[in-house]
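**Student:** Protein sequence lines, in the order shown, are assigned to chains A and B. If you use our numbering, the first sequence corresponds to residues 590 to 957, in order. If you use our numbering, the second sequence corresponds to residues -12 to 156, in order.
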Amino acid sequence: MMLTTTLLLGLGLALEPAVAAEPVRPAPESATAPAASETAGATAPAAGTAGSTAPAGATAGATAGATAGATAAGTAGAPAAGTAGATTPAAGTAPVAVAETGTEAAKAGDVAPIVTPVAETAPEPTQPVNEAPPFYSDADMVALRERYDLAPLPTEPPRKARWRCLVADPTCTFNVEVNATSAYAYRVQQGSPVSDAISRWHSGRSQYDVWVNLPGLVETHGKYRYTRLSLGPKGGVIVSDSKTLWGNAGLAMRYWFGRGRWAPTLELSSALTFRLTTENMDGVIATRRSPVGVTADVGFGLGGFGALIIGGQYDSPLAREDVSEVARVYPAGMFFVGFRGNIVWGAPALAAVGTTALSQRVEPGARP
Amino acid sequence: MIAGDRGVDLPMTQFSFRGGFTVRPVTLLRKRWHPWSVGLTSSFVRSSGTVASSTSTIGSANPDLIDVPSTDGVRVALLNQIWLSQKRHAFHLDLSLGVVRSTVLSSTTRLVGTHADVAVGVGGWGALFVAGDFLDRDTRLTFGFRGHGIAAAPVVTLIALGLLAGGAL
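#1: Answer yes or no: does any C-beta atom of chain B fall closer than 9 Å to that of Ala721(A)?
#2: Which of helix, strand or coil does DSSP assign to Arg88(B)?
#3: Under 9 Å, do Ser83(B) and Leu122(B) count as touching if we go by C-beta distance?
#4: The alpha helix (DSSP H) with Ser34(B) in it runs from where to where?
#5: Under the rule that 16 or more other beta-carbon atoms within 10 Å means buried, what is Pro12(B), buried or exposed?
#6: Could you confirm whether any beta carbon from chain A is found closer than 9 Å to the beta carbon of Gly60(B)?
#7: Apart from the five residues on each side of it in sequence, which residues of its chain come closer than 8 Å, Cβ to Cβ, to Arg753(A)?
#8: Using DSSP with H/G/I as helix, E/B as strand and the rest coil, what is Ile787(A)?
#9: Taking a Cβ distance cut-off of 9 Å, strictly less, list which residues of the segment 869 to 887 of chain A are near chain B, in chain order.
#10: So which of Thr833(A), Trp845(A), Ala728(A) has the shortest CA-CA distance to Leu820(A)?
#11: If the cut is a Cβ gap below 8 Å, which residues of chain A does Gly36(B) touch?
#12: So which residues of chain A does Thr0(B) contact, with C-beta pairs closer than 8 Å?
#13: Relative to the ligand GTP, is the shortest distance from any of its heavy atoms to the C-beta of Phe928(A) smaller than 8 Å?
#14: What did DSSP end up calling Ala896(A) once you bin it into helix, strand or coil?
#15: Are the beta-carbon atoms belonging to Gly119(B) and Thr28(B) less than 9 Å from one another?
#16: Under 9 Å between beta-carbons, which chain A residues line up against Gly119(B)? List them in chain order, please.
#17: Please report the straight-line C-alpha distance between Pro746(A) and Pro953(A), rounded to a whole angstrom.
#18: In terms of residue numbering, what span does the beta strand (DSSP E) encompassing Met923(A) cover?
#19: Can you pull the DSSP bridge partners for Asn802(A)?
#20: I think Gly780(A) touches Ser788(A), with their Cβ atoms under 8 Å apart; what is that distance to the nearest whole Å?
#21: Is the CB of Pro920(A) under 9 Å away from at least one CB in chain B?
#22: By how many angstroms is the C-alpha of Ala732(A) removed from the C-alpha of Arg929(A)?
#23: To the nearest angstrom, how far is the alpha carbon of Glu910(A) from that of Pro937(A)?
#24: Quick one: list the residues of chain B neighbouring Asp911(A), beta-carbon separation under 7 Å, in chain order.
#25: With Arg133(B) as the anchor, note down where its beta strand (DSSP E) starts and where it stops.
#26: Assign Glu910(A) to one of three DSSP states: helix, strand, or coil.
#27: Looking at C-alpha atoms only, which residue of Ser771(A), Thr762(A), Ala772(A) is the closest neighbour of Gly805(A)?
#28: Using a Cβ-Cβ distance cut-off of 9 Å, determine whether Tyr797(A) contacts chain B.
#29: Excluding the five sequence neighbours on either side, which residues of its own chain have a C-beta within less than 7 Å of the C-beta of Val107(B), listed in chain order?
#30: Do you know whose CA, among Phe4(B), Asn49(B), Met(-1)(B), Lys74(B), lies nearest Ala139(B)'s CA?
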């Protein structure tokens, strides 16, 4: 018993430098005795499973399974040798096998047999080293990203956007959406050509716009790209009281504060406006000439589903001297606060239809 | 915009409904992709009215101007499209040349003039255009956008529904 323990310790001390230097790679040629080498492949797997496989551990210690061999020796041989060797047949045979094999290895290669007492500092073999490019593994990449405080790479592809990107989503390369706006509007207008009196009244505003969102700023995450900022053309129709319709064409921007479907967003849009129709003196909807006006709003939203918006609109006047009194257009405008959402969602569209209907009941302060 | 001595130059707004078809002759004949397609379009257009006179306003201190409520027209044009790539939503240039039949100034008589339209579109879904109607003493230049019926129909429907519910139509 004492002899076995001593041999184990001796073998372990001799092996230690080799194990510490190359824990998972094949041992140097000098430490790889032919006989041991042949047995390592067959016995090494068993070494890590039970102390009774200490022979394998011993042989593996001289070859590629150095770590496994050291572990087996440490658990079955060195510490437990006094007890396990006496109580467990397998353990009892293990040291003998170690000694014999180690001795043979020493004889064959003139190198001290390879066994360590316990490879406490030796890392577990996680995965084999690639023998062909790339020589780095996934674990290497994880370690590298951790070293530089980079977020781990996504292991799964990004979720799929709904409705074929008819609802804006950071995963969409670009998307086209139809938004409906329902808003309270505080309207003002210069009411009389002979005075600077201004009419003010409360009204409603509904708006339907087609947005084409092109990626303006893209964030790459692993192999996947997410839109951080989208910018693109938009156009549509604005409706308010007195059967007044405006066309508008402009730009819309949306900044995403996250990559989720419901990530908060900041929306900015502005457009040139032109009046299409209004109520004539007979109370019938009729076309209406118009100089170009401007509208702009800012919105705070959740994903591509909807946003609370606040904005304003200004209708520039047409009051040249050569234009007859009846044909003149006086300056007007509005401030509005409301909700803008994708019509795919349903509720924004219904709300806009309701706002359109209700706003027609409003009696304006002055006829536009 | 009116150019002439029968009225004043004014900004105007208009909307139109356009339909038509296009074919790709080279693609069909040679069985390979080709950027050119040709077609025929027809449209109805309603513009805001003019402020015009039936006689010349030159030298008149107080011309008899009429505020026309609206101006309607019908256009027929030959459309040439150049697709800039084979992508599904590729950009394309649209060049239209044809005729327009419309009332002019304060007259209710429909005259025939020339219509031209240059547009930049995206996959047939929508386009920004510059168009002109050139009639006798009446030239109209417009800049605007148009959308495919699939994209525009929901918007038009929702607006009409709202106006109907509100009793505006």
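Glycine included, each C-beta is placed from N, C-alpha and C at the ideal position. Since the model is a prediction, treat every value here as computed from it, not as a measurement.
**Tutor:** In short:
#1: No, its Cβ sits nowhere closer than 9 Å to a Cβ of chain B.
#2: Of the three classes helix, strand and coil, the one that applies to Arg88(B) here is strand, per DSSP.
#3: No, Cβ-Cβ distance for Ser83(B) and Leu122(B) is not below 9 Å.
#4: Looking at the DSSP string, Ser34(B) is not in any alpha helix (DSSP H); the run it does join, the beta strand (DSSP E), is 23 to 35.
#5: With a 10 Å radius around the Cβ and a threshold of 16 neighbouring Cβ atoms, Pro12(B) comes out exposed.
#6: No, Gly60(B) lies away from the interface with chain A (no Cβ there is under 9 Å from its Cβ).
#7: If the five residues before and after Arg753(A) are omitted, its C-beta is found closer than 8 Å to no C-beta atom of its own chain.
#8: In the displayed model, Ile787(A) falls within a strand according to three-state DSSP.
#9: Residues Asn869, Ile874, Ala875, Thr876, Arg877, Arg878, Ser879, Pro880, Val881.
#10: When only C-alpha atoms are compared, the closest one is Trp845(A).
#11: Within 8 Å of the CB of Gly36(B), the CB atoms of chain A belong to Thr876, Arg878, in sequence order along the chain.
#12: Correct list: Gly836, Phe863, Arg864, Leu865, Thr876, Arg877, Arg878, Ser879.
#13: Absence of the ligand GTP from the depicted structure is noted, as is the absence of any ligand whatsoever, leaving it without description.
#14: Three-state result, Ala896(A): strand.
#15: Going by C-beta atoms, Gly119(B) is not nearer than 9 Å to Thr28(B).
#16: Residues of chain A passing the Cβ test: none, with the nearest at roughly 17 Å.
#17: The straight-line gap from Cα to Cα measures roughly 54 Å.
#18: First-last of the beta strand (DSSP E) with Met923(A): 921 to 931.
#19: According to DSSP, which records beta bridges pairwise, Asn802(A) is partnered with Asn764(A).
#20: Confirmed, Cβ separation roughly 4 Å.
#21: For Pro920(A), the answer is no, since every Cβ of chain B falls outside 9 Å of its Cβ.
#22: The C-alpha of Arg929(A) lies about 45 Å from the C-alpha of Ala732(A).
#23: Rounded to whole angstroms, the gap between the alpha carbons of Glu910(A) and Pro937(A) is 44 Å.
#24: The answer, in chain order, is Val(-5).
#25: The continuous beta strand (DSSP E) containing Arg133(B) extends over residues 125 to 134.
#26: Correct three-state label for Glu910(A): coil.
#27: Ranking the options by Cα distance to Gly805(A), first place goes to Thr762(A).
#28: The beta carbon of Tyr797(A) sits closer than 9 Å to some beta carbon of chain B.
#29: Within the same chain, Val107(B) has close Cβ partners Phe78, Leu80, Ala114, Leu115.
#30: Nearest C-alpha to Ala139(B): Phe4(B).
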